[in-house]
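What follows is a single structure, written as structure tokens, with notes after it.
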Amino acid sequence: MPTHCPYCALQCGTRLALRDGAVRVEADDFPVNLGGLCRKGWTAAEVLTVPDRLRRPRIRAAGGRQVDTDWDTALDTVASRLRAIRRTHGADAVAVLGGGGLTNEKAYLLGKFARVALGTSQIDYNGRFCMSSAAAAGNAAFGVDRGLPFPVTDLGRADVVMLAGANVAETMPPLMRHLATPKLIVIDPRRSRTAERAALHLQPRPGTDLALALGLAHIAIVDDLTDRAYLRARTAGYEQFAKRALTWWPERVERVTGVPVRDQRAAVRMMRAATRAYLLTGRGAEQHSKGVDTVAAFINLALLLGLPGREGSGYGCLTGQGNGQGGREHGQKADQLPGYRMITDPRAREHVAGVWGVPPEALPGPGRGAYELLDALGTESGPRALLVFGTNPAVSAPRAGHVADRLAALDLLVVADFVPSETATLAHVVLPVTQWAEEEGTMTNLEGRVLRRRRAVAPPPGVRSDLRVLHDLAVRLGEPPERYPTDPRDVFDELRRASRGGRADYSGISYERLDAGEALHWPCPETPGGHPGTPRLFLDRFTHPDGRARFVDVDHRPPAEEAGGDRPLYATTGRVLGHYQSGAQTRRVAELRRSDPEPFVEMHPDTAAGAGLADGDWARVSSARGTAVARVRVVPTLRADTVFLPFHFPGAGRANLLTNPALDPVSGMPEFKVCAVRVRAYRGPT
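Residue numbers (our numbering): 1 to 686.
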């Protein structure tokens with residue numbers, strides 16, 4: 001059965017086979033993975049049968065213990081408590097948090113359910129912590145947000161690829177097959193597995209990526225390395241940004257970032273000398289309180305070099321979650337409606353309301369972003385109930401200890417999941433739902449290509465699909481049953497109508513075309529004869545009315561929290577090869593658990609020695625928000641002022657106990673990538 005990996009946004013092609021009653025994963029020769037998979041992909045089927053798989057609804061009984069129950073009892077309980085909370089506190093007292101791993105159909109119906117059945121504006125999703133800064137910067141520069149506006153396969157023909165804040169050798173290993181030929185320039189405070197393969201590694205101090213991007217732009221301008229013809233024909237706003245960039249001369253940038261002038265110059269010259277060059281940003285550039293400006297500065301650099309919208313060159317952002325792209329296009333983001341329409345646009349509201357069969361004025365306005373939503377839970381002015389689908393904020397949210405406290409303060413927490421995640425264990429009601437190999441649907445990968453997810457096996461008895469859960473709850477809340485289809489094809493057909501005419505137009509895509517093997521990238525409007533889709537955006541014009549890309553005038557500012565005093569080190573977080581997101585799935589796979597069994601903190605040998613620590617010791621890493629316990633790994637290539645922690649582990653090993661919820665003012669992205677910490681020996685139980 002052909003389908004796709006359930007993890008990252010590459011959405012590698014796989015085939016599922018039944019052997020001896022068990023599902024086995026085989027690699028497919030799909031363009032993004034070329035027959036390869038990472039260890040997470042190879043072992044994905046093991047999550048289907050983990051011993052603690054949720055198979056019956058659970059409800060919190062007297063004394064606080066969760067006990068098994070039947071579906072009617074669970075759903076009746078949720079519906080009655082939602083009605084009571086809404087009656088007493090209003091519609092916005094109920095909130096919804098979705099996930100970037102949900103199918104397009106689930107994301108679409110979840111947004112509809114929240115705004116129509118619940119009438120709440122309080123819906124957002126964990127993609128706020130992933131792609132929101134790049135989305136905002138891409139919209140400002142190009143007029144549209146699509147992770148890669150070109151196929152992944154284009155990268156294999158490049159001469160040079162610059163990766164700013166992306167460790168794809170660990171987070172998207174099959175992508176390295178396309179990066180084997182190009183020379184790599186990697187910007188990362190760590191000498192990651194990706195940086196080890198680079199021709200040039202720029203190692204800035206955490207929180208200074210924006211200054212580095214401005215410095216590279218300065219060199220391009222002053223050393224006459226810009227594409228002048230491209231700037232005249234295809235861009236606007238160059239002069240204002242150039243004035244800003246000229247204030248970031250290389251020596252100043254070296255003082256701020258620690259990146260030598262010679263390396264700055266070498267990076268720009270490598271990019272300019274290439275016939276085919278790409279600049280790609282990742283979470284390292286985005287997850288800052290100035291993430292939008294940082295990505296904008298790298299886009300500005302790409303524009304100076306004439307890369308975006310040119311076949312054989314380009315700029316793109318490496319979307320992280322499996323459906324991080326589609327997940328925000330179809331309505332589970334606080335400010336968006338299906339088709340990547342803005343919820344404040346009267347025409348967008350009228351169109352979507354018409355598809356949904358409700359008056360436009362009945363739709364709520366924009367709600368809180370994900371962290372602001374979590375921070376407000378259980379407060380006087382915040383939501384009193386939260387429904388969670390496909391995410392685990394007790395581990396993945398910044399200031400995770402505080403977020404867990406807010407979850408515990410709710411009058412009602414409902415979690416739909418397939419394993420008892422750390423968030424599910426806090427819930428009043430837990431609803432067991434299907435996994436990827438047990439359901440039909442579509443996903444949209446980082447190239448904007450819409451893919452078919454196919455059912456290979458039946459779910460365990462007692463497990464329901466998310467679409468069925470939303471339908472059953474909506475009916476109990478008084479909604480007409482036909483408004484909430486449970487068949488993914490029916491939901492997708494409605495999604496097509498809702499997206500028609502939007503920036504992310506799916507109206508010309510159908511299950512039939514996808515099943516026939518057509519490669520369809522959005523926008524793909526409905527046209528006579530069938531639109532072929534748009535694998536490469538911007539070749540003729542950008543999406544702004546005048547067809548030009550926009551330079552955005554941005555300037556560096558320090559991180560929200562500087563190292564110093566009793567917290568002399570910068571902590572940065574990220575992923576490792578063996579685990580994914582909060583680790584709720586991958587920590588249950590024996591092979592992956594063996595490869596990375598426990599939380600760890602990477603430290604330079606001098607930094608470790610200064611704290612009285614050696615490789616293999618346990619350490620306490622403390623910020624202004626909390627303390628995490630982790631095993632020391634001494635790494636000579638790490639900056640001496642920086643420590644690194646992966647964020648996949650629960651309990652006392654949660655890296656997000658440390659992280660700073662300072663938010664980007666445009667995207668609402670928290671500052672995951674830099675906070676001030678101290679490290680001490682830990683002598684307690686391990």
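All residues carry an ideal CB built from backbone N, CA and C; glycine is no exception.
As summarised for the region 547-606, the continuous beta strand (DSSP E) elements at least 3 residues long and confined to that stretch are 569-574, 600-603, given in chain order. Contact between the region 332-345 and the region 247-254 is absent: fewer than three C-beta pairs spanning the two stretches fall below 8 Å. Per DSSP, Gly258 lies in no alpha helix (DSSP H) and is assigned neither H nor E. Secondary structure at Val469: helix, using DSSP grouped into helix, strand and coil.
The DSSP-derived three-state label of Gly284 is helix.
In the structure shown, Val168 falls within a helical segment according to DSSP collapsed to helix, strand and coil.
Residue Arg269 holds the alpha-carbon nearest to the alpha-carbon of Ile219 among Arg269, Thr257, Glu239. With 16 or more neighbouring CB atoms inside 10 Å of its own CB, Lys290 falls in the buried class. For the options Ala408, Ala427, His402, Arg406, the alpha carbon positioned closest to that of Val414 is the one of Ala427.
DSSP places Pro432 in the uninterrupted beta strand (DSSP E) bounded by 429-432. Spanning the alpha carbons of Ala44 and Val25 requires a straight line of approximately 7 Å. Gly320 is not a Cβ neighbour of Ala61, given a cutoff of 8 Å. A direct Cα-to-Cα measurement between Leu410 and Leu657 gives close to 20 Å. The C-alpha of Val395 lies about 7 Å from the C-alpha of Glu422. Classified as buried, Glu671 has 16 or more neighbouring CB atoms from the shown chains inside 10 Å of its CB. Put simply, the backbone Cα of Tyr484 is about 22 Å away from that of Thr391. Comparing C-alpha distances from Arg87 to each of Gly99, Gly119, Gly64 shows the shortest one belongs to Gly119.
By the criterion of at least three beta-carbon pairs nearer than 8 Å, the region 182-195 is not in contact with the region 235-243. For Thr14, the enclosing beta strand (DSSP E) covers residues 13-19. Excluding the 5 residues flanking it on each side, Ala560 has same chain C-beta neighbours closer than 7 Å at Ser289, Asn660, Ala662, Glu671, in chain order. A straight line joining the alpha-carbon of Ala652 with that of Gln203 spans about 30 Å.
Short of 6 Å from the beta carbon of Pro460, and not among the five residues preceding or following it, lie these beta carbons of its own chain, in chain order: Arg55.
Annotation: Thr642 to Gly529 spans about 57 Å, alpha carbon to alpha carbon. One Cα belongs to Ser381, the other to Ala474, and the distance between them is close to 25 Å. Ranked by Cα distance from Ala74, the options Leu520, Ala274, Val429, Pro488 are led by Val429. When DSSP reads this structure, Met342 sits in a beta bridge with Gln336. Contact annotation: Leu280 and Leu446 have beta-carbon atoms that are not nearer than 8 Å. A direct Cα-to-Cα measurement between Ala273 and Phe418 gives close to 50 Å. Around the beta carbon of Thr226, a 10 Å sphere encloses 16 or more other beta carbons of the protein chains shown; the residue is thus reported as buried. With the rule of 3 Cβ pairs closer than 8 Å, the region 451-458 counts as touching the region 431-441.
Between Tyr315 and Val469, the alpha-carbon positions lie close to 40 Å from each other. Within the region 600-680, the complete beta strand (DSSP E) runs of at least 3 residues fall at 600-603, 618-622, 627-634, 642-646, 660-663. Between the alpha carbons of Phe649 and Val634 lies a gap of roughly 19 Å.
Per DSSP, the beta bridge partners of Arg60 are Gln66. For Thr235, the closest C-alpha among the options Val552, Leu514, Met131, Gly312 is that of Val552.
DSSP places Arg453 in the uninterrupted beta strand (DSSP E) bounded by 450-453.
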